[in-house]
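Residue numbers (our numbering): 23 to 457.
Structure, rendered in structure tokens:
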């Protein structure tokens, strides 16, 4: 009698529950929580008596903590009990968030923010592993889109509701952190009670190249994934694109205010980026649904084509938008840009997970590498963009527009990976003896 495999073994509805758990975490922590911290930086620093230099140091703690630990978490995600790992990380993070309401000193606050970044970086590959673990190739892109949209949705909620919520909580920002910590702790407890573990070998996204215990293991997984050139191409595509997005976004606020050809007020850049967030938040889900509905006959080819086209159009739209010097035009183009983001941002990760050498069984290891290099790329691009634009206060919009053309690197790398895929398929087909 064959061993029962697939989602039925674990309960047909469990995958949706696990997806909801991960989406709630991303919404509360990466979206709402991180944005709220940015909104409250000046308020917190003023109330706690920090100098501007001390505030700047604390502001870097969270992102610094997120850089170096995702790789190790990804490796463990392929071997350990996912449910316990998720629940433990979430409960621990809730304590760190509540402590923000009670600490005053810069050093302790830095440690807490750094520790929060470490815990989040440990969670990201584990949470992302849920997608190939519970969803097969037909649902992978949609499930990943739902997860990805949770972040901008959280940002949107924070921008509109964080400050009114603080007012409803007595006007004290500390109460918001206490409430947020409690909600996150409840989420972790719910995962312990209602969540289910699933072995990597039982992952819904399967591969005929990974069939048993002999094919998995910490060192085995590392050795197998690092020798796949397509994986590195997809990782570089994601790292360059996301790095350019965040690097450019960090400077867009400044450029639109200091460039005399723009001369916008402090609130205007936020409205522009909000247009981008709204477009991407919707299209992370809609693009895979549209491709699955109207282009399903050649799904794999069409998914790549749409990603490539979106990447190229995004580079063009960003270039034109920053040089338009018109508030209406840039908002319209950033909405269009967000629509393009909805496919080009998640595509490299989805295509990487679909590789037969990775699939669900080794997804954690690959995602750990991807997340780590994305964080490094974000830091490097932000520093480079800032340094370059700091030397040019006369026409910074021109330089920023050229930097946005780096978006086109991602679709180019996807094309190269596609060519390699086709060559490998032809080689494998030629090796099969004729019947």
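Built from N, CA and C at the ideal position, the CB exists for glycine as well.
Item: Which stretch, first to last residue, makes up the alpha helix (DSSP H) that contains residue 206?; Value: 195-216
Item: Please classify residue 404: does DSSP put it in a helix, a strand, or coil?; Value: helix
Item: Assuming residue 365 contacts residue 332 (C-beta within less than 8 angstroms), just tell me the rounded distance between them.; Value: 4 angstroms
Item: Determine the direct distance from the alpha carbon of residue 236 to that of residue 60, and round the result to whole angstroms.; Value: 47 angstroms
Item: Tell me the rounded alpha-carbon separation between residue 239 and residue 101.; Value: 7 angstroms
Item: List the endpoints of the continuous alpha helix (DSSP H) containing residue 177.; Value: 159-190
Item: Where does the unbroken alpha helix (DSSP H) through residue 114 begin, and where does it stop?; Value: 104-121
Item: For residue 216, count neighbouring Cβ atoms within 10 angstroms of its own Cβ and tell me buried if that reaches 16, exposed if not.; Value: exposed
Item: With 16 other CB atoms within 10 Å as the buried threshold, where does residue 448 fall?; Value: exposed
Item: Rank 72, 398, 201 and 319 by C-alpha distance to the C-alpha of residue 54 and give the top, closest one.; Value: 201
Item: Cutting at 8 angstroms between CB atoms, please list the residues of its own chain near residue 30, excluding the five before and the five after it.; Value: Low per-residue confidence applies at residue 30: pLDDT is 49, beneath 50, and the placement is therefore not dependable enough to give any value.
Item: In whole angstroms, what is the alpha-carbon distance linking residue 123 and residue 197?; Value: 7 angstroms
Item: From which residue to which residue does the alpha helix (DSSP H) around residue 373 run?; Value: 369-375
Item: Over the uninterrupted alpha helix (DSSP H) stretch that includes residue 74, give me the two end residues.; Value: 74-87
Item: Given a cut-off of 7 angstroms, decide if residue 369 and residue 427 are closer than it, judged by their beta-carbon atoms.; Value: no
Item: Quick check on the DSSP output: the alpha helix (DSSP H) that includes residue 323 runs from which residue to which?; Value: 321-346
Item: Who are the Cβ neighbours of residue 386 in its own chain at under 6 angstroms, not counting the five residues just before and after it?; Value: 96, 99, 100, 147 and 151
Item: Using only the alpha-carbon positions, how far apart do residue 354 and residue 360 sit?; Value: 10 angstroms
Item: Could you check whether residue 430 and residue 334 sit closer than 7 angstroms to each other, using their CB atoms as the reference points?; Value: yes
Item: Leaving out five residues on either side along the sequence, give the residues of the same chain with a beta carbon under 7 angstroms from the beta carbon of residue 103.; Value: 219
Item: In its own chain, which residues sit with a C-beta less than 8 angstroms from the C-beta of residue 24, not counting the 5 before and 5 after it?; Value: Residue placement at residue 24 cannot be trusted, given a pLDDT of 37 that sits under 50; what the coordinates show is reported in the next sentence. Cβ neighbours of residue 24 beyond the five flanking positions: none.
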